[in-house]
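S.K.: Structure incoming, see below.
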Amino acid sequence: MQALPYSVTSEQFFINNNIRMIASSDPLGWEGLTLREVWANSMRDFRRNPLLKNDALIVKLKGATHQQLRLNGNVFNNHIVPGTLLLFPCQFQSEIRFETAHTYAVLEFDRDMFIELASGLGRGDPSKIELQPALCFSDPLLYHFGRELCHEVEQGAPQGSLFASSVISAMMFYLMRKYSNFSRLPGINGGRLTTEQFRKINEYIHEHLDQKITLTDLSRCLYVSVPHFERMFRATLHCAPYQYVLECRLEQAKCLLKGSRLTIYDVARQCGFANQSHFTRHFTRHTGVPPARYMSGASIRQ
C-alpha cells in the first residue's frame with residue numbers, strides 16, 4: 021500500500037477500495053453537525069484516519085469486528101459491535117484497521133457551535149472547552165441520538181430540520197456535561213419565556229407553518245442565542261420546540277381538513293410537511309385516524 025502523508029484529509033481517506041461513504045448529511049444543510057455513514061472492509065494494514073478539524077463521535081452501526089487503534093505508538097485492541105462508541109477531540113490523529121467488514125457513522129460537531137453552547141453555561145472561558153477522548157465505550161443515550169440522526173440522513177430528513185437541530189443541540193449539551201472539561205457545571209439558570217416573548221414566537225410559527233422553521237429562525241425573534249432560546253422554551257412549555265411546531269402543524273391540518281376543499285396533498289404542503297406520507301404518519305399518530313377518514317368524518321358531521 022502506498023505510504024500516506026501523516027495528516028490525511030477526508031478526500032484522501034475515501035480514495036480506498038476498503039472505505040466507502042454510503043450516506044451524508046451534506047445535502048440536508050444541517051447547522052452544527054456533519055454526519056457521514058461509512059462502510060469499511062477488512063484491512064490488513066493500518067489506515068490513517070483523517071486529521072479532525074472538529075470534535076467527532078464514532079457510532080458503530082452494523083457488523084461486529086475486531087479493531088486495532090494505534091495512538092502515539094500504542095495499539096489498543098477491542099471487539100466492537102453495534103452500539104460501540106468512540107469520541108475523538110479535534111486535532112486527534114490515529115491509525116486503524118479491522119478484521120471484518122462493518123458500517124459506522126462519523127458525527128463531526130462544529131467547533132463554533134460548541135463554544136456558543138458553552139458560553140451560555142456561565143463557567144470559565146468557553147473557548148477552552150475540550151472533549152475528553154474515549155475509546156470503545158457504551159452510552160445508550162448517545163447511541164440513541166446517533167441512530168436518530170442516521171435515520172434522518174437515510175430517509176431524507178422526514179422529521180425536518182427543526183427536529184435535527186434539537187437532537188444536535190441536546191447531544192452537544194450532553195457531551196459537554198459528561199465528556200468534557202466542563203463536565204462539573206453549576207445549575208443552569210435559563211429563565212422562562214415572558215408572555216410577550218411567547219406571543220412573538222407563536223405568531224412567527226403560525227405565520228410560517230407552510231415553510232421550513234429552524235431553531236435559528238425562532239431564536240432570532242427574541243434576539244437570543246439558540247441554546248438560550250431552547251432552554252427558555254423547554255422551561256416554559258416542557259417540550260422541545262420541534263414538538264410544539266409539529267403540534268401547531270397538525271392542529272392547522274385538522275382545521276383545513278374540516279373547513280376547506282383542499283386535497284390531502286395540499287393540506288400537507290400548506291402545513292409544512294415534507295410530503296403526504298410524512299403528514300399521514302404524524303396525523304394518524306396524533307388523532308388515531310388517517311387524514312382521509314378524518315376528512316370524511318368531518319364532511320358527514322357537516
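Heads up: the sequence shown begins at 21 in this note's numbering, then just goes up one per residue. By construction, the Cβ of each residue, glycine as well, lies at the ideal position given by its N, Cα and C atoms.
1. Could you pull out every residue in the same chain whose Cβ sits closer than 7 Å to the Cβ of GLN179, ignoring the five residues on either side in sequence?
2. Do you know how far the Cα of LEU270 is from the Cα of ARG301?
3. For the region 94-168, which segments carrying the beta strand (DSSP E) assignment without a break, of at least 3 residues, lie completely within its bounds, in sequence order?
4. For my contact list, CYS170 and LEU55 are in at a C-beta cut-off of 8 Å; report their separation, rounded to the angstrom.
5. Helix, strand or coil, according to DSSP, for LEU72 in the structure here?
6. Roughly how many whole angstroms lie between the Cα atoms of LEU106 and TRP50?
7. How many Å lie between GLN272 and CYS291 at the Cα?
8. Give the C-beta separation of VAL79 and TYR124 to the nearest angstrom, bearing in mind that I take them to be a contact with Cβ-Cβ under 8 Å.
9. Which residues does DSSP list as the beta-bridge partners of GLN40?
10. Can the beta-carbon of ILE149 be found less than 8 Å from the beta-carbon of SER200?
11. Taking DSSP as the reference, what is the three-state secondary structure of THR54?
12. Apart from the five residues just before and just after ALA260, which ones in its own chain have a Cβ nearer than 6 Å to its Cβ?
13. Taking contact to mean 3 or more Cβ pairs, one atom from each stretch, closer than 8 Å, check whether the region 237-248 and the region 278-296 are in contact.
14. Going by other Cβ atoms of all chains shown within 10 Å of its Cβ, with 16 needed for buried, is LEU161 buried or exposed?
15. Give the single residue among LEU72, SER158, PHE118 whose Cα lies nearest to the Cα of THR104.
16. Is the Cβ-Cβ distance between PHE108 and PRO153 less than 8 Å?
17. Considering just the uninterrupted stretch of the alpha helix (DSSP H) at LEU238, what are its terminal residues?
18. CB ALA76 to CB GLU57, shorter than 8 Å?
19. Check LYS82 in the structure and name its three-state DSSP category.
20. For the alpha helix (DSSP H) containing GLY279, list its first residue and its last residue.
M.R.: Taking the structure as given:
1. Within the same chain, GLN179 has close Cβ partners GLU172.
2. Put simply, the backbone Cα of ARG301 is about 11 Å away from that of LEU270.
3. Runs of the beta strand (DSSP E) spanning 3 or more residues and lying entirely within the region 94-168 occur at 94-100, 105-108, 115-118, 122-129, 154-157, in chain order.
4. LEU55 and CYS170 do touch by the CB rule: their CB atoms are close to 7 Å apart, below 8 Å.
5. The three-state secondary structure of LEU72, taken from DSSP, is coil.
6. Taking the straight line joining both Cα atoms gives about 22 Å.
7. Computed Cα separation, rounded: 7 Å.
8. Your pair VAL79 and TYR124 checks out as a contact, with CB atoms roughly 6 Å apart and the cut at 8 Å.
9. Rather than Gln, the amino acid found at residue 40 in this sequence is Arg. The partner list for ARG40 (beta bridge, DSSP) reads TRP59.
10. Yes, these two residues count as a Cβ contact at 8 Å.
11. Assignment of THR54 by DSSP, reduced to helix, strand and coil, places it in the strand class.
12. So the qualifying residues of the chain are SER186.
13. Segments in contact, no.
14. LEU161 should be labelled exposed.
15. Put simply, of LEU72, SER158, PHE118 the residue whose alpha carbon is nearest the alpha carbon of THR104 is SER158.
16. It is a contact, given that the beta carbons lie within the stated cut-off.
17. DSSP places LEU238 inside the alpha helix (DSSP H), whose first and last residues are 235-242.
18. Cβ atoms of ALA76 and GLU57: not closer than 8 Å.
19. Taken through DSSP and simplified to helix, strand or coil, LYS82 comes out as strand.
20. Taken as a continuous stretch (DSSP letters only), the alpha helix (DSSP H) holding GLY279 covers 261-279.
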